[in-house]
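There are 2 protein chains.
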Amino acid sequence: MFWGVRMNLKKKVSLAVVKRLPRYYRYLSDLLKMDIKRISSQELSSRMGITASQIRQDLNCFGGFGQQGYGYNVEFLFNEIGNILGLNNDYHAIIIGAGNMGQALANYTNFEKRGFKIIGIFDVNTSLVGTDIRGIPIRHLDELESFVQENYVDVAMLAVPFEQTPIVAERAAKLGVKGLWNFSPMDLKLPYDVIIENVHLSDGLMVLGYKLNEKFEFIREDSSKGNDGNS
Amino acid sequence: MFWGVRMNLKKKVSLAVVKRLPRYYRYLSDLLKMDIKRISSQELSSRMGITASQIRQDLNCFGGFGQQGYGYNVEFLFNEIGNILGLNNDYHAIIIGAGNMGQALANYTNFEKRGFKIIGIFDVNTSLVGTDIRGIPIRHLDELESFVQENYVDVAMLAVPFEQTPIVAERAAKLGVKGLWNFSPMDLKLPYDVIIENVHLSDGLMVLGYKLNEKFEFIREDSSKGNDGNS
DNA sequence: TAGATTGTTAATCGATTAACAATC
DNA sequence: TAGATTGTTAATCGATTAACAATC
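Protein sequence lines, in the order shown, are assigned to chains Y and R.
Once you know that position 100 of the first sequence is 100 in the UniProt record's numbering, the rest is easy, because the numbers rise by one and skip nothing.
Once you know that position 6 of the second sequence is 6 in the UniProt record's numbering, the rest is easy, because the numbers rise by one and skip nothing.
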């Protein structure tokens, strides 16, 4: 018996761990800026507010990045996590919808540092079409098909009105886009081989509301609550 | 021995459950729109892609909303979850930063349906100050202190540049704002009694990148990867 | 009543934490 | 070498799932 297809035996890393990686990356970036060369799991633990044990467990899902008696080399670990997250992958992304949210995304230069290059923006608003954001031209949505066929597009960021979202999502998926980043408050599902991340901003706001309630025992002046017919 | 202060004995509901509530709320809202009057945990389970058992467990953290042999009344459950999330709490919110993201937030009318009313927008850009978004005037950031003292403000949504974020966050917290919703890619921490929710959009994008890599085995044409000095 | 489906307890699974031998 | 700190196994904790008695 010999090794099968490369790395198919590795146990799949849990999503809980993967979701923590960007946070590690952020803290390591801060350490780099502060010119800190090495860090122990203990020290990182106290900065991040998670246990040292968890840090070591998490990192060891991907390999032994540290050194006994020394800790972790900040720059090395930073680069390794960057690699794991695929930050030098040079993904090509487009933004569909050039309203406020689409423009905010287009202006968020950080995405490029994270390996996502925005190569096109699309909208139906003819007064926007022809203009550009940071040099990226805004095209009419009608050009979506031809553009994606002529340019390699990995990811579409969807910042269109709620009702339009499933429609443009399907168009993008049909064209072979591999990932969708959806900002409409719905759980987008498609019968295509595409990875979908739903953002759900207002869900987060509602959780904030819940926490406020819990902590400060709100119920503001109980103003005309109406209680209209709850069974 | 008798009952202590009201409901201080209830076991604290775990954050995992609370985070699922907005999603239940969304699905129930959809059911209402489709004029579906009642739903069993089984049926909801298949729609949402989680187990019926989990649905019943989750809901029973807050009380028995269903009826044996019948299921759940959609409208009743919808309203109950809305109450739990404090959607009729009439929170007063302000937006600090009227750039693209701030404007996107200001135009997102859904927040009002979720119990958050935006009563003010602040920026330092004098060409924006004096204008308004959906009738909400944009004020100069200098007016923040006087405005918050004169108007009840529960939550500040922070959509300012990275470097400004800790500064305006501290100003808001000092003024007694109870919740902060932070859109800068940092873990905001403050020595005040304030609840902070950090959004971290690009963290989500990086997780999408990781999943793309995992599924499609990326490594695009290995274009001039440079490999500049990783250790 | 019989059938359906909840509320709730018990079993399982997975993730976090603790502990410690390996080793730099 | 002695001290420090990792990598990793084992123990604990919490969350999810299964099962079923209660009951509409």
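From the three backbone atoms N, C-alpha and C, an ideal C-beta is built for every residue, glycine too.
DSSP lists Y/V129 as the beta-bridge partner residues of Y/T131. Counting of Cβ neighbours within 10 angstroms places Y/M157 among the buried residues, the total reaching 16 or more.
R/N60 is classed as exposed because its beta carbon has fewer than 16 other beta carbons within 10 Å across all chains shown. Look at Y/F111 here: in three-state DSSP terms it is helix.
At a cut-off of 8 angstroms between beta-carbon atoms, Y/F62 makes no contact with chain R.
Runs of the beta strand (DSSP E) spanning 3 or more residues and lying entirely within the region 149-174 of chain R occur at 155-158, in chain order. For Y/L188, no alpha helix (DSSP H) segment is defined, and its DSSP state is neither H nor E.
Checking the DSSP bridge columns, you'll see R/P137 partnered with R/D132. From the beta-carbon of R/R114, the residues of chain Y found nearer than 9 angstroms are S202, L205, M206 and G209.
Residue pairing of Y/K117 in beta bridges, as defined by DSSP: Y/H92. Distance from Y/V194 to Y/G204 at the Cβ level is roughly 24 angstroms; contact not present, criterion being Cβ atoms closer than 8 angstroms. Look at Y/V177: its C-beta is not under 8 angstroms from any C-beta on chain R. Not a single C-beta of chain R is nearer than 8 angstroms to the C-beta of Y/M34.
In the three-state scheme derived from DSSP, where H, G and I count as helix and E and B as strand, Y/Y70 is classed as coil. Under the 8 angstroms Cβ criterion, the region 99-114 of chain Y does not count as touching the region 109-123 of chain R, having fewer than three qualifying pairs. Counting of Cβ neighbours within 10 angstroms places Y/I167 among the exposed residues, the total staying below 16.
Listed along chain R are N100, M101 and A104, each with a C-beta nearer than 7 angstroms to that of Y/A104. If you check each beta-carbon in the region 143-155 of chain R against every beta-carbon of chain Y, the ones closer than 9 angstroms belong to Y152, D154 and V155.
Only residues of its own chain outside the window of five on either side were considered, and among them F162, H200, L201, S202 and D203 have a CB closer than 8 angstroms to the CB of Y/P185, listed in chain order. Taking a beta-carbon distance threshold of 8 angstroms, R/G97 does not count as an interface residue toward chain Y. Contacts with chain Y at 8 angstroms (Cβ-Cβ) do not include R/E43. In the structure shown, the three-state DSSP call for R/L21 is helix. Using a Cβ-Cβ cut-off of 8 angstroms, Y/R26 counts as an interface residue toward chain R, since at least one Cβ of chain R sits closer than that to its own.
Contact annotation: the region 126-137 of chain Y touches the region 94-107 of chain Y, with at least three C-beta pairs closer than 8 angstroms.
Per the coordinates, the alpha-carbon of Y/E43 lies some 38 angstroms from the alpha-carbon of R/Q54.
Between the region 91-103 of chain Y and the region 61-78 of chain Y there are fewer than three C-beta pairs closer than 8 angstroms, too few to call the two in contact.
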